[in-house]
Amino acid sequence: MYALILRHLLMPFYETIKGKDLLHHLNVYQKNLALTKKQLDAKQWQALKALIDHTLAHTVFYPKVWAKVGVNSADDIKSMADFSRLPIITKTDISENYAEFLADNFSNNIKKSTGGSTGQPFSFELNTNSNTRREAIMWRGYGWLGAGLGQKTLYLWGADIGESTYLKGIKNALYHRFYNRKMLNSFAMNKDNMGEYINDINTYKPTALVSYVNPLYELACFINRHSLSVFSPNTILTGAEPLHEFQRTEIEQAFKCEVFDTFGCREFMLMSAECREFKNLHINIDHLVVETVSEAGKAITEQSGDLVITDLYNYGMPLIRYANGDRATLVNQPCGCSNPLPIMKSVDGRKLDMIKTPSGKTIPGELFPHLFKEFKGISRFQVKQSQLDELTLFIIANARFSAEDQASICDEINKYAKNELKLTFNLVDDIPLTVSGKHRVTVCEV
């Protein structure tokens, strides 16, 4: 009932005061789901051409760089193949040429920063309309999974960094109450207070639960290990970190509820969300252009590649063919559900999380969660490579961890490393989270 009141009464009044148009964009994006893939491609192309026109007229960096590949006007880009000729931009490009990326006709941008989980903190900007559109896309994806605008939702999520004033605390509480949600700080959760978090869930009785992957997985393990009872929401959404199938299984067992994954990043917010029918990640191509490229920068599909993303509506600081450091696999076949948005077969982790060997081989970070889940003596781990010929394994172990486990882990890693890496085990009491509250399972510093 509150979701209907919020959407049809409170939000229109709120938007009139604030001058926002979230509901308008949300309605348009929802109507897009009734279009065909061909119609969606046409809308995407129209928006892309308009963005390129704007970027050439109002920024410094892109015209200068694009001219080197023969692109001096939007007419020089007649197809997506032409578009893929444009240079890929990186965090370094933006950091070193920040002012040249800003559009000269947008002066009141919203400034944001990433948490630096890749070891490279990053700042960027976007205009207010773009920010509103991002919110609309998020609510659309959350909506088809049962956690839409106004649904009673509990978030196990990261808290703001720094001390909060009394007035700010009241403002945040009212803001979350308005959206019918409760926030639990995932940063503060530990093995000693998990019971309090379970009590909060049982008391609040959310329709939907939205969480970082690892805190929810750890909470689920605690629930299953102690055979505890916890309220079962109608739906659970995970995000911010890769969701592995063994984690999905553990969470579903604890909460007696289906778990759906979402994928996004700070620069673009929600890029894709699973469908209920087949749990395929559907890409928001009416808001973004999402590509994957090989190590040589060539467009690829049906295999894992570096993600390259374009925000179609960030006119304040255009991000066009931006490599965000993630890897994924895109496929051409449609999903069997009614959602016309194309699918991302898998999210394959961060490019920087791939472990390297002296001979030039690479070991995908995905190997390690699948390996370590088989050892009941390991509560948590992190694999860190600081030198090319060494790999340090930080492990939070329990009484079941044995020398035989250690030997088995070495044998398995050496199947892929071919004995090129010196493996060092470091048993620790804690593994720090990133500043954004995430747990990196692999860290490559070489």
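For the sequence shown, the positions run 17 to 462 when the numbering used here is used. Glycine included, each C-beta is placed from N, C-alpha and C at the ideal position. Small disclaimer: the values here were computed from a predicted structure and weren't measured.
task: Would you mind stating whether Ala339 and Ile104 have Cβ atoms separated by less than 8 Å?
output: In this structure, Ile104 lies closer than 8 Å to Ala339 by Cβ.
Per DSSP, the bridge partner or partners of Glu307: According to DSSP, Glu307 bridges with Val324.
inquiry  = Can you find the residues in the same chain that come closer than 6 Å, C-beta to C-beta, to Lys389, ignoring five residues on each side of it along the sequence?
reply    = For Lys389, where only same-chain residues beyond five positions count, the Cβ hits under 6 Å are Phe262.
| message | Taking a contact to mean a Cβ-Cβ separation below 8 Å, would you say Phe397 touches Leu407 in this structure? | response | The Cβ atoms of Phe397 and Leu407 do not sit closer than 8 Å to each other.
Query raised in the report: In chain order, what residues of the same chain have a beta carbon less than 7 Å from the beta carbon of Asn147, not counting five sequence neighbours either side?
Result: The residues are Ile126.
### Message
Do Gly162 and Trp155 count as a contact pair if the criterion is CB distance below 8 Å?
### Response
Not in contact: Trp155 and Gly162 (Cβ atoms no closer than 8 Å).
key: Nearest to Trp61 (by Cα), restricted to the options Asn88, Ile93, Tyr182   = In this structure, Ile93 is the residue among Asn88, Ile93, Tyr182 with its C-alpha nearest to the C-alpha of Trp61.
_Using the Cβ count rule (16 or more neighbours within 10 Å means buried), how would you classify Val363?_
Looking at its Cβ environment, which holds 16 or more other Cβ atoms inside 10 Å, Val363 is buried.
Item checked: Option nearest Leu437 by Cα separation, candidates Lys431, Glu420, Ile411, Asp405 -> Between Leu437 and the set Lys431, Glu420, Ile411, Asp405, the nearest pair of CA atoms involves Asp405.
**Asked** Are the stretch 213-232 and the stretch 243-259 in contact at 8 Å, needing three or more beta carbon pairs?
**Response** They touch, by the three-pair rule.
* Asked: So what does DSSP say about Val229, is it helix, strand or coil?
  -> Note: Val229 maps to helix in three-state DSSP.
- Pick helix, strand or coil for Lys221, following the three-state DSSP scheme. In this structure, Lys221 counts as coil in the three-state DSSP scheme.
* Can you tell me which of the three DSSP states Thr108 falls into? => Look at Thr108 here: in three-state DSSP terms it is helix.
- Task: Return the Cβ separation of Tyr114 and Pro334 in integer angstroms, given the expectation that the two are a contact with Cβ distance under 8 Å.
- Result: Approximately 13 Å separates the beta-carbon atoms of Tyr114 and Pro334; this is outside 8 Å, ruling out the contact.
**Message:** Taking 8 Å as the threshold (C-beta atoms), are Gly365 and Arg337 in contact?
**Reply:** Not closer than 8 Å, so no.
Start-to-end residues for the alpha helix (DSSP H) that takes in Thr265:
Here the alpha helix (DSSP H) through Thr265 covers 261-271.
| task | Would you please state the rounded distance, in angstroms, between the beta carbons of Ala270 and Asn230? I believe it to be under 8 Å. | result | Taking C-beta atoms under 8 Å as the contact rule, Ala270 and Asn230 fail to qualify, at a distance of about 14 Å.
Practice task
List the endpoints of the continuous alpha helix (DSSP H) containing Glu151.
Solution key: From DSSP, the alpha helix (DSSP H) with Glu151 extends over 144-160.
Please say whether Glu274 and Thr254 have beta carbons closer to each other than 8 Å? No.
task = From the DSSP output, in three-state form, read off Leu102 for me.
result = Coil at Leu102, not helix or strand.
_Please state the DSSP three-state secondary structure of Lys187._
Note: Lys187 maps to helix in three-state DSSP.
Nearest neighbour of Val76, chosen from Thr440, Phe238, Asn121 [CA to CA]: Ranking Thr440, Phe238, Asn121 by Cα distance to Val76 puts Asn121 first.
* Asked: What number of angstroms, rounded off, separates the C-alpha of Gly352 from the C-alpha of Leu51?
  -> Distance between the alpha carbons of Gly352 and Leu51: 15 Å.
* Indicate whether Val226 and Tyr171 have their beta-carbon atoms separated by less than 8 Å. => Contact: yes.
Grab the span of the alpha helix (DSSP H) containing Ser424 for me, first residue to last. Note, Ser424: alpha helix (DSSP H), 419-433.
Compare the beta carbon distance of Asp427 and Gly393 with 8 Å and say whether it is the shorter of the two. No; because the gap between Cβ atoms is not below 8 Å, this pair is not in contact.
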